[in-house]
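Beneath this line is the structure, given in structure tokens, with notes to follow.
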Amino acid sequence: MDLLEFQGKQFFAQFGIPVSDGRAVTSVDEALAAAEAVGYPVVVKAQVHAGGRGKAGGVKLANNADEVREHAGNILGLDISGHITRTLWIEIASDIAEEYYASFTLDRSAKKHLGMLSKEGGVEIETVAVENPDAIAKIWIDPVDGLTEEVCRAWVLAAKLNPDVTDGAVALLLKLYTAYVEGDADLAEINPLIVKTDGNVHALDAKVTLDDNAEFRHEWDDYAATQVRDVREEAAHEKGLQYVGLDGSVGIIANGAGLAMSTLDVVNQAGGEAANFLDIGGGANADVMAGALQVINDDPKVKSIFINIFGGITRGEEVAKGIIEALSRVDIAAPIVIRLDGTNAEEGRALLEPHLSDKLQSKPTMLEAAAAAVALAKKN
Amino acid sequence: MSIFVDENTKVIYQGLTGSQGRFYGLRNRDYGTNVVGGTNPKKAGEDVDGIPIFANVGEAVAATGANASCIFIPAPGVRAAIMDAAEGGVEFIVCITEGVPAHDEAWFYNELKRDFPNVRLLGPNCPGIISPGKCNIGITAGEIAKPGGPVGIVSRSGTLTYQALYELKLQNIGVTTCVGIGGDPVPGTSFIDCLEAFEADPDTKAVMMIGEIGGSAEEEAAEFIKNKMSKPVVSYVAGVTAPPGKKMGHAGAIVSGGKGTAAAKMEALEAAGVRVGKNPTEAGELMVEVVREHGWA
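Those protein sequence lines, which keep their order, are chains A and B.
Counting along the first sequence from 1, when you hit position 40 you're at 118 in this note's numbering, and nothing is skipped either side.
Counting along the second sequence from 1, when you hit position 103 you're at 134 in this note's numbering, and nothing is skipped either side.
Quick look at the structure:
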């Protein structure tokens, strides 16, 4: 789960990381009140789940009430890479002496936490990594050891920051590591990490991605409430289905994430495009299947549906019964192609046989089924 | 022969008293797996269909001589369950549970490496392991695998693994061991661990490797295959058409910034001499070709 900037700052503040005083607002009047409260000059910042906010005109400095009114009015409703701005963050402007970069994330290859620190902050770190890799000081942290002050200090020195801020940087980075670990973040990034003209080290931005798997041990309801989901994804999520909306015309239902991804691949190889990724999990009972069909049926882009089931522990005849019952419950507009394989597939196909029609075909292999589903989608 | 588990493997099921643990534990026993006990601190002394329940893995090992465990504990308890198994004295831990926090995985991966270097963890979020005809630990339907050899399978995906087992069985080709390493960010056992074991196993003549988008495990495996493997490898990587930045079910299956794409993985594997199928069916056919060419079946 990606946090908005202001949520990331609230998250950081819980762990004692210095962030600018600010308020989240949703109207021009609230923006004015917030600016009065924090004191001028303020920065008016769009809160959207997208990068490039500055370039899109979503970040503006305001020295007085007129400027706040003007910028807040312009930025509310602004479309930034397809994300409409509904919330603004009004924060006190900082006097910046230097801009650094700092982050913690998991290095899957090393199976350790990776800390990155650079004095070349404020820009895309990917660009720095390519053009000037030596400017990024990296540290790999064994999760069992954690980050000690001694190791952190050596890391800060290796990054060749302004020597005057070493103590402040060490203190902040230790807190950032604690936030990353105890807060169950996949990513905790500050860009820029600034040194103010008074010498204090401070998080001017916050990019935080939380690990959804750790939600059971945190209170993340406020964060979850602002997540932007595709309406199709929202409906599927409510039914407990693993669904990702895509742009094609062939609706996909498969059991298992790997098989579902593979189904996208074969549809593509057959010359079509998938409308979605949908994993119904190991079993394929009537309730789950009916829910999945309903979600796909509600997507106006879908012109044909490809149900790809491989029976493992769930036997072919149980899968077939589930599909037949689901079809009796949901009135499906688009034609369906079923590929049923695996344990007792023949028995399952025999059960489907009397129900087959123009609207419901059965194909023995994944490739034939993909070809049929793509042909139907093109015809419709 | 087989890798990691065989007819001598004795398994404790942590969470045998829960619905999932009971269902799959009893299924595994029906298959022929030596299911010697279960654990539940509140139900020690009871039994599940004749299988004794112990308070912890240490007591279960002392009473039964178990050398492996299989975890069906909900995600919040997985970290403690894995340490219970390692401290209890088993050498092989299979964790089926999905939804384990990444920080927990990173922690117990490194903790096991440090204090229990002889313990192998498979998973979390994996379908388990089967050495057909000998031992089946986890959720794989045993009857879709033909015992024997010459093929070893290692996979990040459950259903695609079943598909591979099934297609080989239809062609009357046997499997020494099929390992599902799972799709999480920090798997206890990697592709390379399995490739290394298959390379050393005399009955495994060829290996099928099923990968997924995300991470760099396939690229690392390609490097290993190029430098260290003499046996032929056939591969399939799911997710060629997956759009970047979207999570597709498995925590591991996410592409970001052009890294970890299926195309990059397939290219790396082909450069290492691996025959790569563009869908699971084609990969199955390639494996059949390899086996027939060498007269292994």
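Heads up, the beta-carbon is just placed ideally off N, CA and C, and yes, glycines get one too.
Computed from a prediction, not measured in an experiment: that's the story for all the values here.
is_contact[residue i, chain A] using C-beta, thresh 9 Å
i       : result
G49(B)  : no
E251(B) : yes
G288(B) : Note that G288(B) scores a pLDDT of 48, beneath 50, so its modelled location is shaky; the value from the coordinates is reported in the next line. Answer yes: the Cβ-Cβ gap between G288(B) and chain A drops below 9 Å somewhere.
A282(B) : With a pLDDT of only 45 at A282(B), under 50, the local geometry of the prediction cannot be trusted, and no value is derived from it.
A112(B) : no
R306(B) : no
E298(B) : no
N149(B) : no
E243(B) : yes
E254(B) : no
L153(B) : no
I170(B) : yes
E174(B) : yes
Boundaries (first-last residue) of the beta strand (DSSP E) holding residue i
i       : result
E177(A) : I174 to D185
N354(A) : N354 to D357
R306(B) : R306 to G308
A215(A) : I214 to I219
I170(B) : Note, I170(B): premise wrong, no beta strand (DSSP E); not H, not E.
I170(A) : L166 to I170
V182(B) : P181 to S186
V286(A) : K285 to L288
Residue i in three-state terms, based on DSSP
i       : result
L239(A) : coil
M194(A) : strand
Y118(A) : coil
Q45(B)  : strand
K253(A) : helix
Q88(A)  : helix
C101(B) : strand
Q202(B) : coil
T192(B) : helix
E293(A) : helix
N149(B) : coil
D299(A) : helix
P432(A) : helix
G288(B) : With a pLDDT of only 48 at G288(B), under 50, the local geometry of the prediction cannot be trusted, and the value read off the model is given with reservation. Three-state DSSP puts G288(B) in coil, outside helix and strand.
E313(B) : helix
A273(B) : coil
I268(A) : strand
A143(A) : helix
D157(A) : strand
D276(A) : coil
A109(A) : helix
V268(B) : strand
A282(B) : With a pLDDT of 45 at A282(B), under the threshold of 50, the modelled position of that residue is not reliable, and no figure is offered here.
C230(A) : helix
V125(B) : strand
G159(B) : strand
K30(B)  : Residue 30(B) cannot be examined here, being either before or after the span of chain B that is shown, 32 to 328.
I162(A) : strand
Range covered by the alpha helix (DSSP H) that runs through residue i
i       : result
D224(B) : F222 to A231
V206(A) : I203 to E209
D99(A)  : Counting along the chain, D99(A) falls outside any alpha helix (DSSP H), and DSSP gives it neither H nor E.
A237(B) : Note, A237(B): premise wrong, no alpha helix (DSSP H); beta strand (DSSP E) at A237 to E243.
I256(B) : A248 to K259
Any chain B beta carbon closer than 9 Å to residue i
i       : result
Q305(A) : no
G77(A)  : Not covered by the structure: residue 77(A). The range shown for chain A is 79 to 458.
L459(A) : Look at the range of chain A in this structure, 79 to 458, and you will see that residue 459(A) is not part of it.
P432(A) : no
H40(A)  : Residue 40(A) cannot be examined here, being either before or after the span of chain A that is shown, 79 to 458.
G86(A)  : no
V345(A) : yes
S187(A) : yes
R427(A) : no
Closer than 8 Å: residue i CB and nearest the ligand ZN heavy atom
i       : result
G394(A) : Inclusion of the ligand ZN in the displayed structure is not the case, the ligand content being empty and no account of it being possible.
**Request:** Please name the residues in the stretch 313-342 of chain A whose beta-carbon is closer than 7 Å to at least one beta-carbon of chain B, in chain order.
**Result:** Q320, V322, L324, N333, G334, A335, G336, L337, A338, M339, S340 and L342
**Item:** Any alpha helix (DSSP H) of 4 or more consecutive residues that is wholly inside the stretch 319-396 of chain A
**Value:** 335-347 and 364-375
**Prompt:** Could you give the uninterrupted runs of the alpha helix (DSSP H) lying entirely in the stretch 39-94 of chain B, keeping only those of 4 residues or more?
**Reply:** 50-62
**Request:** Residues of the stretch 436-453 of chain A with a CB closer than 7 Å to any CB of chain B: list them in chain order, please.
**Result:** T443, M444 and L445
**Request:** Identify each residue in the stretch 189-223 of chain A for which the Cβ-Cβ distance to at least one residue of chain B is less than 8 Å, and report them in chain order.
**Result:** K189, K190, H191, E204, D220, P221 and V222
**Request:** Mind checking the stretch 118-144 of chain B against chain A and listing, in chain order, the residues whose C-beta falls within less than 7 Å of any C-beta there?
**Result:** G130, V131, P132, A133, H134, A137, W138, Y140, N141 and E142
**Request:** Counting only runs of 3+ residues fully inside the stretch 400-453 of chain A, write out the beta strand (DSSP E) ranges in chain order.
**Result:** 414-420 and 438-441
**Message:** If the cut-off is 7 Å on Cβ atoms, which residues from the stretch 242-276 of chain A count as contacting chain B, listed in chain order?
**Reply:** V259, D262 and D264
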